[in-house]
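Here this note's numbering is used: the first residue of the sequence shown is 10, the next is one more, and so on.
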Amino acid sequence: MTTNINNKKVLIIGAGLGGLATGLRLAKKGFEVEILEKNKQAGGRLNQVKKDGFTFDTGPSFFSMSFEFEEFAKSCNIKLPFEYVELDPLYSVNFSGSSKTYQLYKNIDKLAAQFADVEPDFKVKFEKYIKKSGALFHDTVDLVIKNNFDSLAGYVFTLMRVNPVHLPVLFKSFYDHVKQHFSSPEARQIISLVAFFLGRTPFDTMAIYSLLSYTEFKHDGYFNVKGGMYKIVEGLVKELEKENVKFHYNTEIVDYSEENGKLESFTDQNGKTWKSDIFLVNSDAAWFRGNIFKREKYAEKKLDKMSWTMGYLTFYVGLKCKLPQVNHHNYYLGTNYEAYANNVMKNPDSLQKPYYYVNVVSKHNQDCAPEGCESLFFVCPVPNLYYKENWDDKNEIVNSIITDFSERIGKDIQPEIVSKTIYTPIEWRDQFNLHRAAD
Ligand SMILES: Cc1cc2nc3c(=O)[nH]c(=O)nc-3n(C[C@H](O)[C@H](O)[C@H](O)COP(=O)(O)OP(=O)(O)OC[C@H]3O[C@@H](n4cnc5c(N)ncnc54)[C@H](O)[C@@H]3O)c2cc1C
């Protein structure tokens, strides 16, 4: 039996990337799509702040797996509505107290040269590690990664179908896996640090995520978008508008009604009722089930007992000078990797010596800053709001990061700052309805 989709209306709650992409796929299939968004513009966590003449991307600063975007464009029969550029080096890493900055090139010889003094046989080890990560990627991509799991049983059942040669990575941490391949602390830390930016630490993230090393270094790469990451959102919105998709901003769903156990309508903050044939919720699933559907299983106290990721402290800084000594994409680490990792999720005191990431947005996108200026985006993994509720010390923490960064790059940027915006986990939670500002 085929369903006639013509004139069927789909109401999407949330204009994040998920809502926009699904909306376009559905509109292209003939559905009538309408999108509601609580904020004043589309994008969700992939957003943009324009302030004091500077433009900042507020969330994602790069992407990998570009082939997914290409597949998306092909299936929607459109030209990808933004241009992306490959980053090379992918990123740089500096350890505090060291004048050396590692440049993480995709070219294995250039990469291995960076480690010559600490891990002389890096090239052989890295090739072996990447081969394993590649096999893991190709054996799980269709079966596990691109699948949706509604139950733990379904997930475990699928894992049992994965080539048993990969079984060990299901029982090891990312760090332990990397540790088996490399002997120097530098290589171990640099290769496993990506886990901090997945919301957890390399010590409690499963080794299955080592497949990301393959997608980063070999299979694909890291990419930035010409004009800034927000061009992805602007491009998608344009494509949606061509399909007559209607957007309603500043519209937050606060309640719902049901009839005979079936969702009937949603209600926004102004009391307006929204009906549709099909509803699609792009808001954070746990938050929405607890706060809007009021399901007992997702009540705040129950959610607090589940395992969550860290939160993020992000800040956006406009400088009235250039920073030629800094790359596009940079990680700044301390010298107590494991102790830091053990503390960062739950212990606010660990912020005294934070690890952080700096993206120089204007490096590739000159339009993001006035001439002779630079726009910077800092991300620091921090305890989520369950572990650190009070952020009155945000200026103190931000200033300590700025001081540390200034020391490492050999230039005091404090007097050069002409614009500063800080998002603590409180802003992340309140803007996008995220439970305790975690994922
Ligand atoms: C600091 C940071 C850095 C990141 N860096 C990267 C990166 O470099 N690369 C990468 O690939 N990923 C990165 N990510 C992850 C990436 O941003 C997210 O995975 C992605 O943007 C999530 O999209 P989404 O559509 O699923 O959710 P969201 O973007 O959260 O979209 C949900 C939308 O629903 C709206 N909404 C919620 N509740 C309601 C309601 N009741 N009524 C109406 N609207 C509602 C929200 O306002 C939001 O717009 C980063 C995330 C953060 C926070």
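The beta-carbon is built from N, C-alpha and C at its ideal position, and this holds for glycine as well.
CYS389 in three-state terms, based on DSSP: Your numbering for residue 389 matches position 380 in the sequence shown. Three-state result, CYS389: strand.
Boundaries (first-last residue) of the beta strand (DSSP E) holding SER201: Walking along the sequence shown from the start, residue 201 turns up at place 192. Segment 194 to 201 is the alpha helix (DSSP H) holding SER201; no beta strand (DSSP E) there.
Closer than 8 Å: ARG54 CB and nearest ligand 1 heavy atom: In the sequence shown, the residue the question calls residue 54 occupies position 45. Result yes, Cβ under 8 Å from ligand 1.
Sub-9 Å separation of VAL391 and GLY320 beta-carbons: The sequence position of residue 391 within the sequence shown is 382, counting from 1. The sequence position of residue 320 within the sequence shown is 311, counting from 1. Cβ atoms of VAL391 and GLY320: closer than 9 Å.
Identity of the residue in LYS271, LYS49 and LEU99 nearest TYR223 by Cα: Counted from its first residue, the sequence shown places residue 223 at position 214. The option with the nearest alpha carbon to TYR223 is LEU99.
Own chain partners of TYR396 with C-beta closer than 6 Å, once the 5 adjacent residues on each side are dropped: The sequence position of residue 396 within the sequence shown is 387, counting from 1. For TYR396, where only same-chain residues beyond five positions count, the Cβ hits under 6 Å are LYS355.
Distance CB(VAL388)-CB(SER101) smaller than 9 Å: On the sequence shown, residue 388 is found 379 positions in, with the first residue counted as 1. On the sequence shown, residue 101 is found 92 positions in, with the first residue counted as 1. It is not a contact, given that the beta carbons lie outside the stated cut-off.
Contact between the segment 187 to 194 and the segment 120 to 134 (3+ Cβ pairs under 8 Å): yes
Pairwise C-alpha distance: LEU249 and ASN284: As a first step, residue 284 must be located in the sequence shown, where it is residue number 275. As a first step, residue 249 must be located in the sequence shown, where it is residue number 240. In the sequence on display, residue 284 carries Lys and not Asn. If you take the alpha carbons of LYS284 and LEU249, they lie about 20 Å apart.
Proximal residues to GLY419 (C-beta, below 8 Å), its chain only, five neighbours per side dropped: In the sequence shown, counting from the first residue as 1, residue 419 sits at position 410. Once the five neighbours on either side are set aside, the close Cβ partners of GLY419 are GLN334.
Per-residue DSSP class, three states only, for GLN112: In the sequence shown, the residue the question calls residue 112 occupies position 103. The answer is strand: DSSP assigns GLN112 an E or B state.
Rounded straight-line distance, which links the Cα of LYS240 to that of PHE91: Start at 1 with the first residue of the sequence shown, and residue 91 comes out as number 82. Start at 1 with the first residue of the sequence shown, and residue 240 comes out as number 231. PHE91 and LYS240: Cα-Cα distance of roughly 6 Å.
beta-carbon ASP229 near ligand 1 non-hydrogen atom, thresh 8 Å: The residue given as residue 229 occupies position 220 in the sequence shown. Proximity of the beta carbon of ASP229 to ligand 1 is not indicated: no heavy atom of the ligand is located closer than 8 Å.
MET10 (DSSP reduced to helix, strand or coil): The residue labelled residue 10 in the question sits at position 1 within the sequence shown. In this prediction, MET10 scores a pLDDT of 43, lower than 50, which makes its location untrustworthy; the coordinate-derived value is nonetheless stated afterwards. Note: MET10 maps to coil in three-state DSSP.
Backbone secondary structure at LEU55 - three-state DSSP: Translated into the one-based positions of the sequence shown, residue 55 becomes position 46. Coil, per DSSP.
Exposure of VAL242, with buried meaning 16 or more beta-carbon neighbours within 10 Å: Looking up residue 242 in the sequence shown gives position 233. Classification for VAL242: buried.
PHE76 Cβ short of 8 Å to ligand 1 heavy atom set: Here residue 76 refers to the residue found at position 67 of the sequence shown. No; taking the cut-off as 8 Å, the Cβ of PHE76 has no heavy atom of ligand 1 nearer than that.
heavy atom of ligand 1 below 8 Å from THR323 C-beta: Residue 323 sits at position 314 when you count from the first residue of the sequence shown. Result yes, Cβ under 8 Å from ligand 1.
Whole beta strand (DSSP E) elements within the segment 234 to 320, 3-residue minimum: 255 to 257, 262 to 268, 271 to 277, 282 to 284 and 287 to 290
TRP437 beta carbon near ligand 1 (any heavy atom closer than 8 Å): For the purposes of this step, residue 437 is taken as residue 428 along the sequence shown, with counting starting at 1. Correct: TRP437 has its Cβ closer than 8 Å to ligand 1.
Closer than 8 Å: ASP293 CB and nearest ligand 1 heavy atom: Counting from one through the sequence shown, the residue named residue 293 turns up at place 284. Because some heavy atom of ligand 1 lies under 8 Å away, the Cβ of ASP293 counts as near it: yes.
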